[in-house]
Amino acid sequence: MKKTATGKSFSHNPSYPFLNVYKEKEAVVMGLVPTGKYHQVLYNHIKKSSTNQNASSGNLVSLKEMQLDKNKLKRNEVLEILNQLLTVRLISHVVAFEYDPYQRKIRCKSHFITHPPSEKPDSLISVFEEMIDASVSAFETWIELRDSIKIEGFKKILEKQLHGGEDYSEQIGSLIDIDKEIRTKNYELQASDEMMDYVAQEVRSRLIKRKIAIPLSPKYILMLKESETLEHFEAASNILETRILPSLKTDPGFKQKVDKIVLEELTYNVEKFSVKTASFTAKKAKEARVYRGGNSEIDYPGSLSIETIINLETSAEKLYQTTWKEECTKRINEFKRPLQAPSSRSDSLITFIKQEDIANFPKEVWAALVNDNELYYSKWQSPTSTVHVFISKNPKVFKLLINEMQRLPIDQLWKSLALKNLIEENEHELKPLFQDRIFLLNYGRLLKQVYIQFMPWYYKFLF
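Each residue of the sequence shown is one higher than the one before, starting from 1306 at the first, in this note's numbering.
Here it is as structure tokens:
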């Protein structure tokens, strides 16, 4: 008696029950070899195409692209043959994601696979796993090449979920339900629930592991370009601050915990140039999560906003720091630009900062300027304040400045003394200047102009 297709296969694999299909030799033993002309042709086509390379490149057999030599079967005939091959478990129906470069979209697609040809080192399982990896890569390509997503759509989703909406995912937007994307496709041939579950779970977990996606709930993942992170974080933060926290603060215990965080935040922001941070918002979100059950697996009104904040905290913090560093660099360059672009105006060749005006500079900017390799820095003590002096290390600047300072009014002559002090502090580096006869002549004239103001009137006749 011949074994039926329901008998145990020699290729049985409990980890992949939907891949329990017979090898060709097993099919011969069990009398399951396709007898129809096109059954065999189609089976051989699927077998030949079932390779790791085809799985990786998205070239596994699909219904749409199926070609049988020069003979073309009608679609319903192909479907009938495929269904028969599936019934006797000679092939398996699997699904994968692929990126459509023309429409710039991600889509779910059916494939048919079986055990690879014996001369190939590949296996049915390796082909399937390669297909999963290709799906992950398809999402990665999609997120790199897609247009930036408008934040208004995400804000609407947060509002909808806050009011208890159950299905609030976008159509392949920043918020994605992988399982839904697989199951809502209209498959012309029945697909195994176990297979769809496995593909959804594996694609989701691998996207998360490769940091392409962020888990927000058991169902939803968030997939963003780096440039979209802060918009999404701040949209969720706004919902937290204006909608979620006010409703939870009716509980005195919760209010006390959040007020403590608010006090920390106010203390931090006392600094004139405090760096924007995600930390305090994330602390509030974590307190709200604990209050609502303390588990990211629980879906409740507002959980999407809370999980978005918690999961984006690290990325948002990094971006805030990057933005701050860029702002500091911009300030530094703006400060240095006039010093490094000599003009005829003395106030653009040298900069004097009073001690009390240091407060107008972020600490990081001030420290960078004082230690800048392209600037000379010195201090000068005036009768009323310490003055910080900056000048470019370009020797041409000194020559221009010495000439220009000879026209300073009497009440500004202290600037010449401050410059003299800076030159003396950096005498070793500026030694080549003193080998310039014209510079020495002009420098001497400048010092004479300064010191003559302090001489008794009768000594002035000597000069």
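For each residue, glycine too, the CB sits at the ideal point set by N, CA and C.
As the structure is a computational prediction, the values presented were derived from the model and not from experiment.
Spatial distance of residue i from residue j (CA atoms)
i: Leu1735; j: Asn1676; result: 18 Å
i: Ser1601; j: Glu1569; result: 25 Å
i: Pro1737; j: Val1692; result: 27 Å
i: Asp1498; j: Arg1488; result: 9 Å
i: Ala1672; j: Ala1505; result: 52 Å
i: Gly1478; j: Ile1614; result: 18 Å
i: Val1755; j: Ser1721; result: 7 Å
i: Phe1703; j: Ser1610; result: 58 Å
i: His1398; j: Leu1535; result: 41 Å
i: Lys1684; j: Lys1659; result: 10 Å
i: Phe1578; j: Asp1662; result: 14 Å
i: Phe1459; j: Gln1466; result: 11 Å
i: Leu1450; j: Lys1410; result: 9 Å
i: Ser1365; j: Tyr1492; result: Before going further, note that residue 1365 is Leu rather than Ser in the sequence given. The straight-line gap from Cα to Cα measures roughly 17 Å.
i: Gly1336; j: Trp1447; result: 45 Å
i: Lys1485; j: Asp1564; result: 40 Å
i: Lys1635; j: Pro1557; result: 45 Å
Limits of the beta strand (DSSP E) - the one that residue i falls within
i: Tyr1404; result: 1397 to 1405
i: Arg1412; result: 1410 to 1418
i: Thr1586; result: Not the beta strand (DSSP E): Thr1586 falls in the alpha helix (DSSP H), residues 1584 to 1596.
i: Ile1287; result: It is not possible to answer for residue 1287, since the shown part of the chain is limited to 1306 through 1768.
Counterpart residues of residue i in DSSP-defined beta bridges
i: Asp1482; result: Tyr1525
i: Pro1520; result: Ile1526
i: Val1366; result: Phe1417
i: Thr1691; result: Gln1686
Limits of the unbroken alpha helix (DSSP H) element including residue i
i: Tyr1348; result: 1342 to 1354
i: Lys1514; result: 1498 to 1514
i: Gln1770; result: Residue 1770 is absent from the structure shown; the chain starts at 1306 and stops at 1768.
i: Lys1684; result: From DSSP, Lys1684 is part of no alpha helix (DSSP H) but of the beta strand (DSSP E) over 1680 to 1686.
i: Pro1737; result: Where Pro1737 is concerned, there is no enclosing alpha helix (DSSP H), given that its DSSP letter is neither H nor E.
i: Gln1561; result: 1557 to 1573
i: Tyr1625; result: 1608 to 1645
i: Asn1726; result: 1719 to 1730
i: Ala1664; result: Ala1664 -> no alpha helix (DSSP H), and no H or E assigned at all.
i: Leu1545; result: Taken as a continuous stretch (DSSP letters only), Leu1545 belongs to no alpha helix (DSSP H), as it is neither H nor E.
i: Glu1330; result: It should be pointed out that residue 1330 corresponds to Lys in this sequence rather than to Glu. Counting along the chain, the alpha helix (DSSP H) containing Lys1330 begins and ends at 1329 to 1335.
i: Glu1531; result: Glu1531 -> no alpha helix (DSSP H), and no H or E assigned at all.
Pick from the options that is closest to residue i, judged by C-alpha positions
i: Thr1627; options: Ile1483, Lys1577, Arg1642, Glu1531; result: Glu1531
i: Leu1550; options: Lys1588, Thr1534, Ser1579; result: Lys1588
i: Glu1424; options: Glu1382, Asp1484, Ser1354; result: Ser1354
i: Leu1644; options: Phe1695, Gln1686, Asp1662, Tyr1605; result: Phe1695
i: Phe1444; options: Phe1402, Glu1464, Gly1458; result: Phe1402
i: Ile1454; options: Ser1415, His1537, Lys1753; result: His1537
i: Ile1456; options: Phe1578, Asp1438, Cys1413, Glu1539; result: Glu1539
i: Cys1797; options: Val1432, Met1501, Lys1352; result: Because the chain spans 1306 through 1768 in this model, residue 1797 falls outside it and cannot be assessed.
i: Ser1440; options: Asp1405, Asp1452, Leu1429, Gly1458; result: Asp1405
i: Cys1633; options: Tyr1605, Leu1654, Lys1668; result: Lys1668
i: Leu1494; options: Thr1547, Val1383, Lys1635; result: Val1383
i: Ser1690; options: Phe1657, Tyr1492, Tyr1348, Leu1674; result: Phe1657
i: Lys1641; options: Val1670, Ile1513, Ala1664; result: Val1670
i: Ile1517; options: Val1432, Asn1616, Lys1377, Pro1322; result: Asn1616
Coarse secondary structure for residue i, derived from DSSP in three states
i: Ile1696; result: strand
i: Leu1391; result: helix
i: His1537; result: helix
i: Lys1455; result: coil
i: Ser1579; result: coil
i: Phe1323; result: helix
i: Ile1386; result: helix
i: Glu1435; result: helix
i: Gly1749; result: helix
i: Gln1754; result: helix
i: Ile1448; result: helix
i: Pro1422; result: coil
Min CB distance residue i to chain B below 8 Å
i: Asp1427; result: The question asks about chain B, but that chain is absent: this structure has only one protein chain.
Closer than 7 Å: residue i CB and nearest the ligand ZN heavy atom
i: Asp1484; result: Looking at this structure, you won't find the ligand ZN or any other ligand, since it has none at all.
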